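Some notes on the structure that comes next.
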Ligand SMILES: Nc1ncnc2c1ncn2[C@@H]1O[C@H](COP(=O)(O)OP(=O)(O)OP(=O)(O)O)[C@@H](O)[C@H]1O
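In full-length UniProt numbering, the protein residues as written are 1 to 808.
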């Protein structure tokens, strides 16, 4: 729907059917309100039947004689029925309880109850469990009651185990006798308990392995805490199900000291190689594992409590609604055919003037740019067309023309020409798009629309960090707001926290009202939006501590990344008593980090680099923005660690090279026109537009809802020395005496290998390795890259001299 508003031209058949091709009844069926109403009806039906069942125990005897009729008779009104729910309820109870499975018939109600709750968006246990488990319990209980108690209640109107249980019990008595039947039922009951409660086997093992030790330890006086765990064990004999929960919850904690001395737990080391992680992250995990494996989390299992729901604290939280966002381009803009035809003819003529003939030309009209794709006649040199950029721009009398020769993967040549009447791509249109709504990304960002009218989305988790740059007034702030807005529309406050840094003190202030929902800050930080440079440094250091803490948790949990960690926590295989907690993603957004680098230099650059190198595995992602795309701001260190980049319009080609390593951003037209690059490919995107009043509305909508008691507190950062931080440890005085010479050598050779330094200076491998580490820490060499040589981040001696001076 919304696509139509933003896109002036007819879409392809495929796109059209995906957005509007659904029949009305189907949409009604999928509508949230329909689900809610069906859920409500199910809950009503469940309550009705539950009441009928309960009443049946009191009124069943009196009603029995009147229940001989069929359903048809009953619905024709049966006089004198006493069941609280009338004739229909009485009949249902008679059929399901007496003729069915006896008191165990209540189990029928579990599945519709859970289904109803799910339809109303209240999540409990998985559906298959809610069906299978009650059915198994029902069959067993009906058999048990039928086989054991039926003789006791012989004269009652009620079959405790239902007719099914009664006759099955009779049959079993005939086959196995009384004792045999009881034995079979108890064994079946035990097997069923093992199936239902995962923690039962480890619990029993513990009881059995512990009993001899208990006698050895008898003289030891138990602390009150231990005595209470003894109580837990006693309960176990009385109440099988309840003690199951309680025991496996607490035994891990209480029994642990004596356990760990007697048993060597050989937990599997996590496999280190993970293609999703950077080399530095993999090394970090390997290093942590080398330090020793003291996590014995493998035993912990509280899965019988059902899945942990991280959103439970704010379970009534409502995501912002679409109506908070504005519609633009209400009157559907149509394609200006004259403009398209004129441009097409001009392109053909200009090319012809230079002796270039083409086979075909095709136009795709985007919101702000039209892409003309041409196929030249065989034998035409592509570079010849590329050189005509200025001439084509002149003939079209338009700025912002970009030639892509050839379009990667297409075999055509693209000429991007700005439209005379650009359309705004509204945030509303991208947020309401099916692509965004159905997205399964962990941190989905709906950035805007490509020039071929596709919604452009990225997963910040995969980037894993983003550098945003562009001259002032070209759409950077709107871009940052689009990122934040997308995340607010998709992530619950318990799963995402922002750290917002704003040295200009104007851009992010608007978000301070959602501090307790979505922001993370230092425990002593008064302001939720960080504006002060010294506070920025502290916050970044604190984030590196948070990162290290999270790595420790990952190590203890024997997992490789935050996703695995959180799913293990959700399935209750990580013990909160041992410091485990659900880890929200943290997105750090730094507006105008150029100002910070100018004021605090390495103090901010180095923690940024460190977080960028390591934090992806633990769910910390960074977006840094600057309006000064110069090499002293976007340094080699920054570039090496931010492979995903967004460039808004810049004034000079050299600026575009600084951001993207290629020209292009200087040819953009501004107002949200941007280039996204990751690993070489450039995509031109019209950034979605969200203005301040819209953001205010979203913030207000969230702020008026119940929040957490405080913002998310980052760990306290003590002292300025940055204990354990290799970057701050490496001040100039601690450099190797050969540091400068080694730096010159690798810049001269543009090759950064340890063996080169070793050979040239005739030094040992260890010392050469240390020098390489120092060169990396000072941003002269990039991080290790598998078997490939490290990247040299400084291009010439002049830049090196400047750097060395800045360090002094
Ligand atoms: N995606 C967009 N679509 C349409 N217009 C836009 C878009 N982005 C920005 N603009 C227009 O450009 C103006 C400037 O945008 P913005 O404030 O984001 O620039 P900026 O690069 O952040 O500037 P500064 O660096 O000075 O903060 C906006 O007020 C708006 O009119």
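Cβ atoms here follow ideal geometry from the backbone N, Cα and C, with glycine treated the same way.
Treat the numbers as computed from the prediction; the structure is a model and nothing was measured.
How far does the alpha helix (DSSP H) with residue 541 in it extend, from its first residue to its last?
Here residue 541 refers to the residue found at position 541 when the chain shown is read from its first residue. Note, residue 541: alpha helix (DSSP H), 533-557.
Am I right that residue 783 and residue 640 are in contact with their C-beta atoms under 8 Å? What's the rounded C-beta distance?
On the chain shown, position 783 is the one that residue 783 refers to. On the chain shown, position 640 is the one that residue 640 refers to. The Cβ separation is near 7 Å, so the contact holds.
Taking C-beta to C-beta, are residue 438 and residue 504 nearer than 9 Å?
Numbered from its first residue, the chain shown carries residue 438 at position 438. Numbered from its first residue, the chain shown carries residue 504 at position 504. Not in contact: residue 438 and residue 504 (Cβ atoms no closer than 9 Å).
Report yes if the C-beta of residue 648 is less than 8 Å from at least one heavy atom of ligand 1; otherwise report no.
Locating residue 648 in the chain shown gives position 648, where the first residue counts as 1. Flag set: Cβ of residue 648 near ligand 1.
Classify residue 13 as buried or exposed, calling it buried when 16 or more other Cβ atoms lie within 10 Å of its own Cβ.
Position 13 of the chain shown holds residue 13. Because residue 13 carries a pLDDT of 40, less than 50, the predicted location of this residue cannot be relied on, and no value is offered for it.
Could you tell me the distance, in whole angstroms, from the CA atom of residue 655 to the CA atom of residue 667?
Translated into the one-based positions of the chain shown, residue 655 becomes position 655. Translated into the one-based positions of the chain shown, residue 667 becomes position 667. In a straight line, the C-alpha of residue 655 is about 11 Å away from that of residue 667.
Is residue 529 near residue 502, with beta carbons less than 9 Å apart?
By one-based count along the chain shown, residue 529 stands at place 529. By one-based count along the chain shown, residue 502 stands at place 502. Going by C-beta atoms, residue 529 is nearer than 9 Å to residue 502.
The region 431-450 touching the region 374-384, judged by at least three CB pairs closer than 8 Å:
no
At the level of alpha carbons, what is the spacing between residue 427 and residue 677?
As a first step, residue 427 must be located in the chain shown, where it is residue number 427. As a first step, residue 677 must be located in the chain shown, where it is residue number 677. Those two C-alpha atoms are separated by around 21 Å.
Let me check one thing: in DSSP terms, what residues is residue 622 bridge-paired to?
For the purposes of this step, residue 622 is taken as the residue at position 622 of the chain shown. Answer by DSSP bridge pairing, in chain order: 588.
Between which two residues does the beta strand (DSSP E) harbouring residue 55 extend?
Looking up residue 55 in the chain shown gives position 55. Looking at the DSSP string, residue 55 is not in any beta strand (DSSP E); the run it does join, the alpha helix (DSSP H), is 32-64.
Residue 498 lies in the beta strand (DSSP E); which residues open and close that run?
For the purposes of this step, residue 498 is taken as residue 498 along the chain shown, with counting starting at 1. Segment 496-501, the beta strand (DSSP E) holding residue 498.
Can you tell me whether DSSP reads residue 370 as helix, strand or coil?
Translated into the one-based positions of the chain shown, residue 370 becomes position 370. Three-state DSSP puts residue 370 in a strand.
Using the Cα positions of residue 472 and residue 649, report the straight-line distance between them to the nearest angstrom.
The residue given as residue 472 occupies position 472 in the chain shown. The residue given as residue 649 occupies position 649 in the chain shown. Going by the C-alpha atoms only, they are around 9 Å apart.
Opposite residue 676 in the DSSP bridges: which residues?
Along the chain shown, read from residue 1 onward, the residue named residue 676 stands at position 676. In the DSSP output, where bridge partners are listed per residue, residue 676 has 646, 683.
Residue 362: first and last residue of the uninterrupted beta strand (DSSP E) it sits in
By one-based count along the chain shown, residue 362 stands at place 362. First-last of the beta strand (DSSP E) with residue 362: 358-365.
Examine ligand 1 and report whether any of its heavy atoms sits within less than 8 Å of the Cβ of residue 689.
Locating residue 689 in the chain shown gives position 689, where the first residue counts as 1. For ligand 1, at least one heavy atom lies less than 8 Å from the Cβ of residue 689.
Is the CB-CB distance between residue 803 and residue 774 below 9 Å?
In the chain shown, the residue the question calls residue 803 occupies position 803. In the chain shown, the residue the question calls residue 774 occupies position 774. No, the pair does not count as a contact, with Cβ atoms beyond the cut-off.
Under 8 Å Cβ to Cβ from residue 800, same chain only, skipping five residues before and after it: list those, please.
As a position in the chain shown, residue 800 is number 800, starting the count at 1. For residue 800, where only same-chain residues beyond five positions count, the Cβ hits under 8 Å are 743, 744, 747, 780, 794.
Can you grab the Cα-Cα spacing for the pair residue 114 / residue 134, in whole Å?
Translated into positions along the chain shown, residue 114 becomes position 114. Translated into positions along the chain shown, residue 134 becomes position 134. Going by the C-alpha atoms only, they are around 12 Å apart.
Threshold first: 4 residues or longer. Then list the alpha helix (DSSP H) segments lying entirely within the region 383-467, N to C.
389-396, 427-431, 434-437
Are there 16 or more other CB atoms within 10 angstroms of the CB of residue 353, so buried, or fewer, so exposed?
Working through the chain shown from its first residue, we reach residue 353 at position 353. Residue 353 is exposed by the Cβ-count criterion.
Beta-carbon proximity of residue 562 to residue 574, cut-off 9 Å
To locate residue 562, count along the chain shown from 1; it is residue 562. To locate residue 574, count along the chain shown from 1; it is residue 574. Cβ distance not < 9 Å, so residue 562 and residue 574 don't count as in contact.
Using a 10 Å radius around the Cβ and a threshold of 16 neighbouring Cβ atoms, would you call residue 53 buried or exposed?
Locating residue 53 in the chain shown gives position 53, counting from the first residue. That one is buried.
Which one or two residues does DSSP pair with residue 781 in a beta bridge?
As a first step, residue 781 must be located in the chain shown, where it is residue number 781. Answer is 792.
Do residue 565 and residue 442 count as a contact pair if the criterion is CB distance below 9 Å?
One-based indexing of the chain shown puts residue 442 at position 442. One-based indexing of the chain shown puts residue 565 at position 565. Contact: no.
Sorted by chain position, which residues of the same chain lie with C-beta nearer than 6 Å to residue 688's C-beta, five sequence neighbours on each side aside?
Working through the chain shown from its first residue, we reach residue 688 at position 688. Here the set comprises 425, 427, 430, 448, 482.
According to DSSP, is residue 799 helix, strand or coil?
Against the chain shown, residue 799 aligns to sequence position 799. Helix, per DSSP.
Work out the CA separation of residue 369 and residue 399 for me, nearest whole Å.
Within the chain shown, residue 399 is the residue found at index 399, counting from 1. Within the chain shown, residue 369 is the residue found at index 369, counting from 1. Going from the Cα of residue 399 to the Cα of residue 369 covers about 11 Å.
Delimiting residues of the alpha helix (DSSP H) encompassing residue 614
Within the chain shown, residue 614 is the residue found at index 614, counting from 1. From DSSP, the alpha helix (DSSP H) with residue 614 extends over 602-614.
Where residue 792 and residue 738 are concerned, what is the direct C-alpha to C-alpha distance, given to the nearest angstrom?
Along the chain shown, one-based indexing puts residue 792 at 792. Along the chain shown, one-based indexing puts residue 738 at 738. One C-alpha to the other measures close to 17 Å.
Pull up the CB-CB distance for residue 98 and residue 158, whole angstroms please, since I reckon it's below 8 Å.
Locating residue 98 in the chain shown gives position 98, counting from the first residue. Locating residue 158 in the chain shown gives position 158, counting from the first residue. The pair is a contact, with the Cβ atoms about 7 Å apart (cut-off 8 Å).
Below-9 Å beta-carbon distance, residue 713 vs any chain D residue
Given the protein chain composition of this structure (a single chain), no chain D is represented.
Let me know the alpha helix (DSSP H) ranges lying completely inside the region 468-496, each 4 residues or longer, listed in chain order.
476-490
Minimum C-alpha distance to residue 379 - residue among 762, 388, 357, 372
To locate residue 379, count along the chain shown from 1; it is residue 379. Residue 379 has its Cα closest to that of 357, out of 762, 388, 357, 372.
Taking DSSP as the reference, what is the three-state secondary structure of residue 378?
Looking up residue 378 in the chain shown gives position 378. If DSSP states are grouped into helix, strand and coil, residue 378 belongs with coil.
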